[in-house]
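Protein chains: 2
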Amino acid sequence: MNISDTAEIFKVLGDTTRLSMIAMMNKKECCVCDFTECFGMSQPAVSQHLKKLRNLGLVKARKDGYWTYLSLDKESKYYDMIPALISAIPEIDAQVDQLLSACEGESCC
Amino acid sequence: MNISDTAEIFKVLGDTTRLSMIAMMNKKECCVCDFTECFGMSQPAVSQHLKKLRNLGLVKARKDGYWTYLSLDKESKYYDMIPALISAIPEIDAQVDQLLSACEGESCC
DNA sequence: AATCTATATAATAGAATGCTTATGTAATAT
DNA sequence: ATATTACATAAGCATTCTATTATATAGATT
Chain F
1 MNISDTAEIF KVLGDTTRLS MIAMMNKKEC CVCDFTECFG MSQPAVSQHL KKLRNLGLVK
61 ARKDGYWTYL SLDKESKYYD MIPALISAIP EIDAQVDQLL SACEGESCC
Chain R
1 MNISDTAEIF KVLGDTTRLS MIAMMNKKEC CVCDFTECFG MSQPAVSQHL KKLRNLGLVK
61 ARKDGYWTYL SLDKESKYYD MIPALISAIP EIDAQVDQLL SACEGESCC
């Protein structure tokens with residue numbers, strides 16, 4: 001793991017949608033439809049963002065029936081960064097709660 | 001400071017050149033020509049990367065004679081992140097030393 | 001004053017990014 | 001078996017990013 005690997009992680013996290021996803025998954029397991037609902041974004045767009053996060057190994061998927069549930073992979077070598085990052089910016093917490101409540105009950109699953 | 005501000009920081013750090021600059025400045029004050037030398041990159045390219053870092057407020061410039069010396073601004077609200085990030089990835093340290101020694105004596109100042 | 005020197009800015013071209021629409025796929029339900 | 005549902009992938013397009021070359025600027029030197 002060198003500087004350019006590290007830059008790659010930051011690049012992936014350096015997008016509002018993906019960082020919001022991470023912050024949400026830091027609180028609970030999420031479904032793809034949670035994200036489309038929260039962000040008002042098409043399903044393929046969400047899927048493409050998730051692919052980048054999964055490629056990093058930071059996010060893992062669990063399939064159950066129709067739905068795919070996404071969560072942070074605690075085994076990931078990057079996992080420890082996440083709580084540190086989130087807690088470094090206290091205001092994020094409230095914003096994430098707002099996002100999560102926005103998709104509560106409205107999403108498909 | 002919200003999620004999208006935070007994503008903006010990551011985006012700026014999510015580039016090998018800029019992250020290397022940050023890691024180098026975390027060790028010592030650097031001159032523009034140090035960077036052009038280290039990275040084998042044109043002076044305007046370096047200048048544009050530095051502009052992004054200065055716009056964040058993370059890097060400050062000190063002019064002395066011909067040269068402009070750049071360093072991390074300890075007053076920056078983002079400053080505390082840097083040592084945390086760098087020290088989270090131990091391998092970076094050796095790589096930065098290598099970069100710094102590469103431009104030693106060869107750069108213009 | 002005229003000339004260097006280090007750096008900044010402008011203009012521009014090519015690559016990368018992120019969205020949309022269209023389509024494929026795998027599991028469930030009828 | 002067929003249809004439905006959630007999700008993935010592909011293709012296309014507009015925007016953004018990052019480099020280069022050319023030019024401007026500000027301080028030092030002659």
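Residue numbers (UniProt numbering), protein chains in the order written: chain F, 1 to 109; chain R, 1 to 109. All C-beta atoms in this analysis are idealised placements derived from N, C-alpha and C, irrespective of residue type, glycine included.
Do residue i and residue j have their C-beta atoms closer together than 7 Å?
| i | j | result |
| --- | --- | --- |
| Cys-108 of chain F | Cys-33 of chain F | yes |
| Asn-26 of chain F | Ile-89 of chain F | no |
| Leu-53 of chain R | Ala-61 of chain R | no |
| Thr-17 of chain R | Phe-39 of chain R | yes |
| Asp-3 of chain R | Leu-19 of chain F | Reading the sequence as shown, one finds Ile at residue 3 of chain R and not Asp. Contact: yes. |
Provide the residue span of the alpha helix (DSSP H) that contains residue i, from first to last.
| i | result |
| --- | --- |
| Leu-85 of chain R | 81–88 |
| Lys-52 of chain R | 43–56 |
| Glu-29 of chain R | Unbroken run through Glu-29 of chain R: none, as it is neither H nor E. |
Would you mind working out which of the options sits nearest residue i, comparing C-alpha positions?
| i | options | result |
| --- | --- | --- |
| Thr-6 of chain F | R:Ile-92, R:Ser-76, R:Ala-102 | R:Ile-92 |
| Leu-50 of chain R | R:Tyr-66, R:Met-24, R:Asp-80, R:Gly-65 | R:Met-24 |
| Phe-10 of chain F | R:Glu-104, R:Asn-55, R:Asp-97, R:Ile-82 | R:Ile-82 |
| Ser-76 of chain R | R:Asn-55, R:Asp-15, R:Lys-28, R:Lys-63 | R:Asn-55 |
| Gln-48 of chain F | F:Lys-63, F:Met-1, F:Asp-15, F:Asp-73 | F:Asp-15 |
| Leu-58 of chain F | F:Glu-37, F:Leu-72, F:Asp-80 | F:Leu-72 |
| Ala-102 of chain R | R:Met-1, R:Thr-36, R:Asp-80, R:Lys-74 | R:Thr-36 |
| Asp-97 of chain R | R:Met-21, R:Glu-8, R:Gln-43 | R:Met-21 |
| Glu-8 of chain F | F:Tyr-78, F:Leu-99, F:Ala-94 | F:Tyr-78 |
For residue i, which three-state DSSP category applies?
| i | result |
| --- | --- |
| Ser-71 of chain R | strand |
| Lys-63 of chain F | strand |
| Cys-109 of chain R | coil |
| Cys-103 of chain R | coil |
| Ser-76 of chain F | coil |
Tell me the residue span of the beta strand (DSSP E) that contains residue i.
| i | result |
| --- | --- |
| residue 111 of chain F | Outside the displayed range of chain F (1 to 109) lies residue 111 of chain F, so it cannot be described from this structure. |
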